[in-house]
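Engineer: Before anything else, here's the structure in question.
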Amino acid sequence: MADTSSKEIGELSQSIQRHNAALEELKDVPNILKKLVDKIGIEPDRTEPGNRPDWSLGLSDDEDNTDDDANRIINQDANSNDELDELLQDLEKKVEFGPALLANVSVGFSKTVARPLTKESKSSLKEKIRVPENCKELIVPKVNTEIWKLLPSQAKVLDLKQQQIQEVLSSGLSTLASISNSIALHKAEIPKEVVSS
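Per UniProt numbering, residue 1 is the first one in the sequence shown, and the count goes up by one each step.
What follows is the structure, encoded as structure tokens:
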């Protein structure tokens, strides 16, 4: 019995110590709030203490000063609003388009982008489109195997996604390089207007 009461006293003592530590930390809250009020510029309530209750649910129209205080906080820093407006303008810029393509060329490319490739057509394209022998810079770089073993799985997934994007870009650039090569080889047969544009 005496053992349990001393245990309870010990627990109460620890609880009181924790509460005292928490109260000690809360002593600075009024000073912090005063500094915040001074910095933001919220004026203290000038109404008569008898006219306003000590507590409120905030449902009365007479008690609705929170919007004014919130607006003062929001509109305090005009510089950050200017930066935000500038960032939004960059996002909202309209895309400037180049000259229109022939209708059938436009439709062909739009359909290519809009519909997914089948597995057969993907593998067929991979076989047909190869990086030119003298353009080895277009090959997608791989992570060193020693480093790859040490990477966390999330980093591996991100790297694989980047490799897939780079493979698509590499295939597109390889195709453009092959087209440019064909045009250069058959330059004499192609009208000058086509080659010069």
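Glycine included, C-beta positions come from ideal geometry on N, C-alpha and C.
1) Could you pull out every residue in the same chain whose Cβ sits closer than 6 Å to the Cβ of I179, ignoring the five residues on either side in sequence?
2) I want to check one thing, is the minimum distance from the CB of K187 to the heavy atoms of the ligand SAH below 7 Å?
3) Which residue spans inside the stretch 123-158 form an unbroken alpha helix (DSSP H) run of at least 4?
4) Taking only three categories from DSSP, how would you classify K27?
5) Measure the alpha-carbon distance for K7 versus E25 and round it to whole angstroms.
6) Which residues bound the alpha helix (DSSP H) around G108?
7) Output needed for K136: all residues of its chain with C-beta closer than 7 Å, excluding positions within five of it in sequence on either side, in chain order.
8) Q166 and V131 - do their beta-carbons sit closer together than 8 Å?
9) Here's the rule I'm using: 16 or more other beta-carbon atoms within 10 Å means buried, otherwise exposed. How should N181 be labelled?
10) Hey, L138 and L173: beta-carbon distance below 8 Å or not?
11) Considering only the beta carbon of each residue, do I129 and S171 sit closer than 8 Å?
12) DSSP three-state call for V95: helix, strand or coil?
Structural biologist: The relevant details are as follows:
1) The beta carbon of I179 sits closer than 6 Å to no other beta carbon from its chain once the five residues preceding and following it are set aside.
2) You won't find the ligand SAH in this model; it holds no ligand whatsoever.
3) For the stretch 123-158, whole alpha helix (DSSP H) runs of length 4 or above, ordered along the chain, are 145-150.
4) Per DSSP, reduced to three states, the secondary structure at K27 is coil, with no helix or strand assignment.
5) Spanning the alpha carbons of K7 and E25 requires a straight line of approximately 27 Å.
6) Per DSSP, G108 belongs to the alpha helix (DSSP H) from 103-114.
7) There are no such residues.
8) The answer is no: Cβ separation not under 8 Å.
9) If you draw a 10 Å sphere on the C-beta of N181, you find fewer than 16 other C-beta atoms in it, and that means exposed.
10) In this structure, L173 lies closer than 8 Å to L138 by Cβ.
11) With contacts defined by Cβ atoms closer than 8 Å, I129 and S171 form a contacting pair.
12) DSSP places V95 in coil when its eight states are reduced to three.
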